[in-house]
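Undergrad:
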Ligand SMILES: [Zn+2]
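Residue numbers (this note's numbering): 2 to 327.
1) For residue 21, name the three-state secondary structure that DSSP assigns.
2) Is it the case that the segment 159 to 171 contacts the segment 274 to 290, given that we only count it when at least three CB pairs across the two stretches are under 8 Å?
3) Roughly how many angstroms lie between the CA atoms of residue 307 and residue 117, to the nearest whole one?
4) Per DSSP, which residues does residue 36 bridge with? Please list them.
5) Using a Cβ-Cβ cut-off of 6 Å (strictly less than) and excluding sequence neighbours within five positions of residue 297, which residues of its own chain qualify?
6) So which of 147, 36, 262 and 279 has the shortest CA-CA distance to residue 99?
7) Verify the CB distance criterion: does residue 132 have a CB-CB separation below 8 Å to chain B?
8) Ligand 1 and residue 183: does the residue's C-beta get closer than 7 Å to at least one heavy atom of that ligand?
9) Does ligand 1 have even one heavy atom less than 7 Å from the beta-carbon of residue 166?
10) Going by C-alpha distance, which of 44, 85, 185 and 222 is nearest residue 200?
11) In the structure shown, what three-state DSSP assignment does residue 120 receive?
12) Tell me whether residue 278 sits in a helix, a strand or coil according to DSSP, three-state version.
13) Beta-carbon within less than 7 Å of residue 299's beta-carbon, same chain only, minus the 5 sequence neighbours each way: which residues are those?
14) Assign residue 244 to one of two classes, buried (16 or more other C-beta atoms within 10 Å of its C-beta) or exposed (fewer than that).
15) Measuring CB atoms only, is the segment 42 to 59 touching the segment 226 to 241, in the sense that at least three cross pairs come out at less than 8 Å?
16) List the residues that DSSP assigns as beta-bridge partners of residue 338.
17) Of the choices 160, 105, 95 and 43, whose alpha-carbon is the least far from that of residue 84?
18) Does residue 216 pass the burial test, meaning 16 or more other C-beta atoms within 10 Å, or should it be called exposed?
19) For the putative contact between residue 145 and residue 101, defined by C-beta atoms under 8 Å, what is the C-beta separation to the nearest angstrom?
20) Tell me whether residue 173, by its Cβ, gets closer than 7 Å to a heavy atom of ligand 1.
21) Rounded to whole angstroms, what's the CA-CA distance from residue 2 to residue 11? Just pull it up for me.
22) Helix, strand or coil: how does DSSP classify residue 143 here?
23) Tell me which same chain residues have a C-beta within less than 8 Å of the C-beta of residue 311, skipping the five on either side of it?
24) Tell me whether residue 345 counts as near ligand 1, meaning its Cβ is closer than 7 Å to at least one heavy atom of that ligand.
25) Are the CB atoms of residue 125 and residue 106 nearer to each other than 8 Å?
26) Using a Cβ-Cβ cutoff of less than 7 Å, which residues in the same chain neighbour residue 280 once the five nearest sequence positions on both sides are dropped?
27) Measuring CB to CB, does residue 173 end up less than 8 Å from residue 157?
28) Would you kindly check if the distance between the Cβ of residue 41 and the Cβ of residue 237 is under 8 Å?
29) Look at the alpha carbon of residue 320 and the alpha carbon of residue 161, and state the distance between them as a whole number of angstroms.
30) So what's residue 234 in DSSP terms, helix, strand or just coil?
31) Less than 7 Å between the CB of residue 105 and some heavy atom of ligand 1, yes or no?
32) Expressed to the nearest angstrom, what Euclidean distance is found between the alpha-carbon atoms of residue 328 and residue 214?
33) Given a threshold of 16 other Cβ atoms within 10 Å of its Cβ, counted over all protein chains shown, does residue 302 qualify as buried or as exposed?
34) Within the continuous beta strand (DSSP E) that includes residue 215, where are the two ends?
35) Since residue 68 and residue 108 should fall inside the 8 Å C-beta cutoff, what is the C-beta to C-beta distance between them, to a whole number of angstroms?
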């Protein structure tokens with residue numbers, strides 16, 4: 002049983018962190034807890050400060066891109082606000098899924114059953130697997146590319162391979178100078194644990210370059226309170242490249258032998274001591290370099306777990322994992 006005293010102690014023991022750079026924060030939220038802003042022309046973005054979605058108003062209906070449950074009912078409120086101001090329909094007729102993850106899709110069922118849902122074929126497979134009525138599987142699916150045309154507007158959806166998730170897509174708005182791609186770059190912030198909880202490390206590392214191959218000025222990245230820029234993507238790439246270089250260096254300079262000698266037949270204890278040392282050695286200079294540059298860089302566990310994943314990918318994907326026994 003937890004006593005009030007021990008609760009107070011555990012709160013008092015919480016660490017302090019460096020202040021969040023003002024540039025990493027976005028506009029103030031309204032009374033209902035959201036901000037809706039124009040990206041360009043009839044393309045809008047919505048945030049609750051942590052999650053982001055987007056929508057396009059057209060004469061034939063509103064196209065919604067993602068439905069994060071934290072924004073939830075505020076998605077329709079944001080659409081209503083813009084539709085009323087501009088005298089256009091507030092009827093959401095299409096919903097595009099960026100990927101299958103619940104934290105970006107679980108408000109999908111708030112929209113009419115006759116909404117057209119669009120997503121990658123893998124998104125459909127994964128949503129059918131996950132079998133959650135809050136996240137109905139898309140009926141319209143595609144393999145590599147899909148051009149969505151609604152009310153005279155065009156949106157290009159593309160899948161360029163697995164990255165954060167197996168099904169994460171690029172959503173390009175050629176008429177709005179905008180790219181939407183979720184959960185790879187966090188505008189002004191470091192990725193959270195394990196490269197933003199990503200499944201394919203080489204795919205995740207390569208994705209920002211693919212994003213930059215598209216022409217755009219505005220980037221809807223899915224997280225935190227503001228839109229991203231090309232410069233944000235470049236800073237993210239530099240952070241990841243520094244981790245790669247640092248991990249490679251630590252892998253070659255840390256001598257594993259003493260750790261395995263120390264633990265003898267407990268091989269896993271040797272593995273842990275060795276890899277923890279490599280991770281710590283690799284992450285420390287990156288944490289120091291990006292504190293004050295990327296928000297939350299000093300939450301060390303984020304950079305450490307990302308470093309660990311990249312270090313494992315260097316061993317297991319790129320190789321070599323070690324010398325070949327003669
Ligand atoms: Zn995700």
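Ideal Cβ positions, reconstructed from N, Cα and C, are used throughout, including at glycine.
Please read all numbers here as calculations on a predicted model, not as lab measurements.
TA: Judging by the given coordinates:
1) Mapped onto the chain shown, residue 21 falls at position 20. Coil.
2) The segment 274 to 290 vs the segment 159 to 171: no contact.
3) Against the chain shown, residue 307 aligns to sequence position 306. Against the chain shown, residue 117 aligns to sequence position 116. Using only the alpha carbons, I get a separation of about 37 Å.
4) As a working note, residue 36 is residue 35 in the chain shown. Answer is 48, bridged to residue 36.
5) Translated into the one-based positions of the chain shown, residue 297 becomes position 296. Only 190 and 191 meet the Cβ criterion.
6) Stepping through the chain shown from its first residue, residue 99 is reached at position 98. Checking every option, the nearest Cα to that of residue 99 belongs to 147.
7) Any reference to chain B falls outside this structure, which holds one protein chain only.
8) Here residue 183 corresponds to residue number 182 of the chain shown, with the count starting at 1. Yes, ligand 1 has a heavy atom inside 7 Å of this Cβ.
9) The sequence position of residue 166 within the chain shown is 165, counting from 1. Within the cutoff, so yes.
10) Stepping through the chain shown from its first residue, residue 200 is reached at position 199. Per the Cα distances, 185.
11) To locate residue 120, count along the chain shown from 1; it is residue 119. Residue state, collapsed to three classes: strand.
12) Within the chain shown, numbered from 1, the residue matching residue 278 stands at position 277. The answer is helix: DSSP assigns residue 278 an H, G or I state.
13) Looking up residue 299 in the chain shown gives position 298. For residue 299, where only same-chain residues beyond five positions count, the Cβ hits under 7 Å are 18, 19, 288 and 292.
14) Translated into the one-based positions of the chain shown, residue 244 becomes position 243. Label assigned to residue 244: buried.
15) The segment 42 to 59 makes contact with the segment 226 to 241, as at least three CB pairs between them are under 8 Å.
16) Residue 338 is absent from the model: the chain starts at 2 and stops at 327.
17) For this step, residue 84 is matched to residue 83 along the chain shown. When each option's Cα is compared against that of residue 84, the closest is 43.
18) Position 215 of the chain shown, counting from 1, holds the residue named residue 216. Exposed, by the Cβ-count rule.
19) For this step, residue 145 is matched to residue 144 along the chain shown. For this step, residue 101 is matched to residue 100 along the chain shown. Contact doesn't hold; Cβ gap of about 18 Å is too wide.
20) On the chain shown, residue 173 is found 172 positions in, with the first residue counted as 1. It does not: the Cβ of residue 173 is nowhere closer than 7 Å to a heavy atom of ligand 1.
21) Residue numbering aside, residue 2 sits at position 1 when the chain shown is read from its first letter. Residue numbering aside, residue 11 sits at position 10 when the chain shown is read from its first letter. Because residue 2 sits at a pLDDT of 44, beneath the cut-off of 50, its placement in the model cannot be relied upon, and the following sentence gives the value as read from the coordinates. Using only the alpha carbons, I get a separation of about 14 Å.
22) Residue mapping note: residue 143 aligns to position 142 of the chain shown, counting from 1. Residue 143: strand per DSSP, three-state reduction.
23) Here residue 311 corresponds to residue number 310 of the chain shown, with the count starting at 1. Excluding residues within five positions, the ones whose Cβ falls inside 8 Å are 196, 202, 206, 241, 244, 245 and 248.
24) In this structure the chain extends from 2 to 327, so residue 345 is not present and cannot be described.
25) To locate residue 125, count along the chain shown from 1; it is residue 124. To locate residue 106, count along the chain shown from 1; it is residue 105. Taking 8 Å as the Cβ cut-off, residue 125 and residue 106 do not qualify as a contacting pair.
26) Numbered from 1 along the chain shown, position 279 holds the residue referred to as residue 280. Correct list, in chain order: 305, 308, 309 and 312.
27) Start at 1 with the first residue of the chain shown, and residue 173 comes out as number 172. Start at 1 with the first residue of the chain shown, and residue 157 comes out as number 156. It is a contact, given that the beta carbons lie within the stated cut-off.
28) Looking up residue 237 in the chain shown gives position 236. Looking up residue 41 in the chain shown gives position 40. Cβ atoms of residue 237 and residue 41: not closer than 8 Å.
29) As a working mapping, residue 320 is identified with position 319 in the chain shown. As a working mapping, residue 161 is identified with position 160 in the chain shown. Cα to Cα, residue 320 sits roughly 24 Å from residue 161.
30) Position 233 of the chain shown, counting from 1, holds the residue named residue 234. In this structure, residue 234 counts as helix in the three-state DSSP scheme.
31) Here the question's residue 105 lines up with position 104 in the chain shown. Yes; taking the cut-off as 7 Å, the Cβ of residue 105 has a heavy atom of ligand 1 nearer than that.
32) Here the chain covers residues 2 to 327 and nothing more, so residue 328 does not appear.
33) Numbered from its first residue, the chain shown carries residue 302 at position 301. Label assigned to residue 302: exposed.
34) Reading the chain shown from its first residue, position 214 is the one you call residue 215. Neither: residue 215 is in no beta strand (DSSP E) and is coded neither H nor E.
35) The residue you call residue 68 lines up with position 67 of the chain shown. The residue you call residue 108 lines up with position 107 of the chain shown. Their Cβ separation, rounded to whole angstroms, is 4 Å, which keeps residue 68 and residue 108 in contact under 8 Å.
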